[in-house]
Structure formats: structure tokens, C-alpha cells
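Input: a single structure, listed below in C-alpha cells.
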Ligand code: ADP
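In our numbering, the protein residues as written are -2 to 535.
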């Protein structure tokens, strides 16, 4: 067979040639843009030529500081198309971490979304490697800025070459993109994605048993393009010629519902918090969500109650998947096997709330104190992964040794595997609760709490206990209309029949909001600090 390197530019070239009329719909601060793949292709080539003019060399790193919008998509292909690397900076990190990751990745060029400029202005004096700042805006005139010179993306594109040829001599193992993942302590850790990894991962997203992305889809990644490449959807959707909807800056559940209705979105992806918000929106306003064939949910455990609300009440198919920054990200997808479809509804839901089956192409082990665990759905161990889209280390980081050993990525996720091979995450190592020498899964307790009709969100965290080492405490946000009407005792009584007595939380703390990380996950560390002195545990 021919030795042809797997290369990202072939994806865009295919969309240009075979699907030139199909659309990318992009929401920016000023309007909804509609561009065909022909236009996206030309604009991407213009951007690539401009970057070369600015002196970007193969292997150099170009950063984006942007929402999900069409210019960001152009950078997704233009930067790797010249052999450079796109660093998708998480816009929600602290100023200190933004400075660290841009300097650590030695970014030469920074592409900035209009409304995010103030954040960069505040840190610009500490960015030691960036030579060119480019503003992605719809406005003709650039705003006053302390950053000088500041280029206009559109003006640069106007001077670019729409026929620019992407490089064809790129080794498939060379880097194309990078994202940072937040560390429990210290600075974020960088993960570099190769052309090969992104190519194979995109192909995997097209498999019918994974996300089944195809030309027939209208794909709307809500997960940010700076969070593990929006889970790979922009690459795959472009490659397959699917219509794309990019929801843009500062979106709300209402904006998402509007886009789904107007653009007839078929597949969308995001963290559970997003889907809780959308659920509230569709419950209060009469919406036509009938175009949706799959709401993909990952990043944190999808509670059974959430899956049920979408599927049973609103007839919207829901799909639970698992992955991490280090895994490009898709690792498992929770779809029933054909013969499981005959099981009673409750059983099917419990299986679908698991993280699911390993996707084709990857290898896994779940390792406990005694070696590989039995596939009995009970024995717990750490999930280890290997495969062509699994990282083999962090970018220039001595913490690599903590997570990458013996050829495996040690995920830090504690899991069980059932007889059918379904992986269920019990907790992250750092969130497990150790009480009297035994482990308690915060995820199981949260799932059960969220099944109560009054509970909007729940997080269960460990609080230090002299007697037991740690005890679980539940932090609960009640739904509107239930505030002040549900007691601590009522919730504990609700859990009691489902768990061993020692698993039951020692206290329930009602709050208005659960603190979230930069990518919308519950920030358990902050929660622990917030409540540890406020509650009494056994
Ligand atoms: P961070 O480490 O910054 O949270 P990632 O987005 O890479 O960044 O998070 C990966 C982690 O998120 C996984 O290791 C796992 O603990 C958690 N996670 C991802 N998907 C799921 C899921 N479907 N269910 C439970 N946890 C999940």
C-alpha cells in the first residue's frame, strides 16, 4: 500500500471539492454569518498565506483565544496546513495561567476574539514570545487598544492568497494542535495533538457505533473549541461535509435553543451543565427540538435523571461519552448492545448512564491493588489507556512521569467494568471519599440525589473526620419553586433505601450555585474548602 501521511488539510480539501455549497453558520457578537465550505476554504487559504508572510514557520505555535466561530474554524485548518501548531487557549483560565500557557507553549501569534481583547490587554506585557496580535472582529475599524500593533483579521485576509497550497510534506506524527488541561495543583499541563491522532480520532467520530457524524448531520459543538478541540467535532464535520453551527460568544440556553430550532441541528455536544440549562429553557418555552438526533454529553458524569428527562419527557436522544484532554478526547461511548434493548427501562438507563464501551482503536486496562480487576461491575481500579489518539506525555513538563508509565496513560479515574465491558467511572482519584478505610463514590450519591424532583444540581465531597478519616457531605442546589421547601432530612431519607448506611452524607448544605471549573465542571476542591468549617461530621 502507499505510504501516505495522515494529514489534516485533506479534510478541508474534501469539503471544498465535494461539499462547496454546504454551510457553516457562525454566530458572532454582531450577527449570524453564513459561509459555504467554498468560502471557508478560500478564507482558510488566505489565512495560511498571511501567517507565512508574518514569518510563521513549520513547528511554530499560533495561539487562538476565541469562542466557537468561523474564524476559529479557519485557524483550525490554516495553522496545521502550513505545518504550524494551533494552541487553543482556554479563555476562562486565570490571568496567571493564561500567561503561563502562552509563554510555555512559546506562541508567536495570537488570534483574539473581539470581546476577549480586554483579557489579553491586561496580560500582554507578560507575554514574552508573542510577536503578532490579530483581532477577529466583524468591525471595519479596530477598537482603541493598548496592544500595538494590533492587526485586523479581515484586513489581513483581504491581502491573503485564496489559492494558497497547503503543505503536503508534513510528517503525520508532527504536531497540529495543542490544549492544556487543568492540574489539581500548579500550572496547567499541555497536550500536543499530532495530525495522525486528529485524523484517526475524526474518523472514529464517524463510526455508527460512536457519534455517527455524517454528511446528513447539522453539527453544533457547544463544548468550546479550546476544550480538547471541541471534542474533535469541527474536524470531523468539515471532513464529512456536515453543516456546522458554531454558537459563538457568551451564548445562553435561549440562544442554543434558538439555533437548534432555526438551523435544525441534529447533533450537539457539551458538558452536563449545558444540558441542564437547555432543559430548563425547553421546559419553560415551547420549543421544537425535533431535529435533534443526538445530544452528546461528556466531561462529567451524565446523571440518569438528565438522560431520562431528555429521552422520556422530551423525546430527545441523549448519548453519554467519556474522554479527557490527554485522549483527544473520545474514549468510551455508552450505547446499548442490541440484545440489551429488551431490558426494562430502568436497567437500560443505568447502563446508559455508565461511561460506556471502549471505542474501536483503543486499548484499556482497569487496575486495582491486586492487578487487573474482574469485569463484574464491582471491583474498582484505575483506568489505563493506550492508542493512536492517546498522548504519551505532557508538553515539556516533568509531571509527565506521574501519569504516563509503562506505555499506558494512567487516567486518575477510578472505574468498574461490568460483564458486558461497560466502563463506569466511580470517581476521580482525588474526589473519592475514604471513610473508615472504605471508598464511597461521590458520583453514585450525586446521581441518586439528582433523581429527586426538587434537586437541580448536587455535588458530594469529602469533609475531614477525626473518627472516619473522611465523611461525605452533599451540596445541593434546589430547582426554582422548591427553595426552602425541602429539608436535609427529606433528602437523606430519599437516599437511604438506595445505599448502605455508612454511605449516606452526614450533612446536606443548600446553596445557590455550585462553583465550576473553567470548562463547566463542578469544582470540588473549592467546594470542600467552602464547606469544611461549616458542617459537623461524625
Ligand atoms: P480537566 O482534567 O481539566 O477536568 P478534561 O476535560 O480533560 O479536563 O477532564 C477529563 C476528566 O473529566 C476525566 O479524567 C474524567 O474524570 C472526567 N470526565 C470526562 N467525561 C466524563 C464522563 N462522561 N463521566 C464522568 N467523568 C468524566
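We treat Cβ as the ideally placed atom computed from N, Cα and C, and that holds for glycine. Small disclaimer: the values here were computed from a predicted structure and weren't measured.
Return the CA-CA distance between residue 288 and residue 200, expressed in angstroms with no decimal places. Each residue's Cα considered, the two are about 24 Å apart.
Determine the extent of the alpha helix (DSSP H) in which residue 277 is found, giving its start and end residues. Residue 277 -> alpha helix (DSSP H) spans 269 to 281.
Thinking C-alpha only, which one of 507, 465, 385 and 390 is nearest residue 198? Checking every option, the nearest Cα to that of residue 198 belongs to 385.
As assigned by DSSP and simplified to three states, the class of residue 64: For residue 64, the secondary structure class from DSSP, reduced to helix, strand or coil, is coil.
Check whether the stretch 420 to 433 touches the stretch 459 to 470, taking contact to mean three or more Cβ pairs, one atom from each stretch, closer than 8 Å. The stretch 420 to 433 is in contact with the stretch 459 to 470.
From this set, 232, 117 and 304, which residue's C-alpha is nearest residue 351's C-alpha? Each of 232, 117 and 304 was checked against the Cα of residue 351, and the nearest Cα belongs to 304.
Just tell me which of 153, 58, 71 and 137 has its CA closest to the CA of residue 131. From the listed residues 153, 58, 71 and 137, the smallest Cα separation to residue 131 is found for 153.
Nearest residue (CA-CA) to residue 290, options 273, 320 and 258: Checked all of 273, 320 and 258; the closest Cα to residue 290 is 258.
Per DSSP, what kind of secondary structure is residue 94 in: helix, strand or coil? Helix at residue 94.
Less than 7 Å between the CB of residue 518 and some heavy atom of the ligand MG, yes or no? Judged by which ligands are present, the ligand MG is missing from the structure shown, whose ligands are the ligand ADP.
Out of 486, 499 and 451, which has the shortest C-alpha to C-alpha gap to residue 476? Answer by Cα proximity: 451.
Can you grab the Cα-Cα spacing for the pair residue 37 / residue 278, in whole Å? When rounded, the distance between both Cα atoms is 32 Å.
Extent of the continuous beta strand (DSSP E) to which residue 459 belongs: Note, residue 459: beta strand (DSSP E), 452 to 462.
When burial is assigned at 16 or more other CB atoms within 10 Å of the CB, is residue 146 buried or exposed? Residue 146 is exposed by the Cβ-count criterion.
Looking at the unbroken beta strand (DSSP E) that takes in residue 218, where does it start and where does it end? From DSSP, the beta strand (DSSP E) with residue 218 extends over 215 to 218.
Tell me the DSSP bridge mates of residue 444? Paired residue(s): none; residue 444 is not in a bridge.
Residue 497 versus residue 77 - alpha carbon distance: Cα to Cα, the separation comes out at about 53 Å.
Write down every uninterrupted run of the alpha helix (DSSP H) in the stretch 341 to 367 whose length is 4 residues or greater and which is fully enclosed by it, in chain order. Segments of the alpha helix (DSSP H) lying fully in the stretch 341 to 367: 342 to 349.
Cβ neighbours of residue 191 in the same chain (closer than 8 Å, five flanking residues each side left out): Counting only residues of its own chain and dropping the five nearest sequence neighbours on each side, residue 191 has a CB closer than 8 Å to the CB of 169, 170, 171, 172 and 173.
Flag this pair as yes or no: are the beta carbons of residue 372 and residue 424 separated by less than 8 Å? Against a cut-off of 8 Å, the Cβ pair of residue 424 and residue 372 comes out as no contact.
Within the continuous beta strand (DSSP E) that includes residue 329, where are the two ends? In this chain, the beta strand (DSSP E) harbouring residue 329 covers 327 to 331.
Just to confirm the assignment, what range does the alpha helix (DSSP H) spanning residue 84 have? Careful: residue 84 lies outside any alpha helix (DSSP H), inside the beta strand (DSSP E) at 82 to 85.
Quick one: any contact between the stretch 317 to 335 and the stretch 213 to 231, if contact means 3 or more CB pairs under 8 Å? Contact between the stretch 317 to 335 and the stretch 213 to 231 is present, because at least three Cβ pairs lie under 8 Å.
Where do the N-terminal and C-terminal ends of the beta strand (DSSP E) with residue 173 fall, by residue? Note, residue 173: beta strand (DSSP E), 172 to 178.
Contact between the stretch 100 to 110 and the stretch 261 to 279 is defined here as three or more beta-carbon pairs at a separation below 8 Å; is this criterion met? No: fewer than three Cβ pairs fall under 8 Å.
Among 64, 3, 35 and 184, the one whose alpha carbon lies nearest that of residue 93: Of 64, 3, 35 and 184, the residue nearest in Cα terms is 184.
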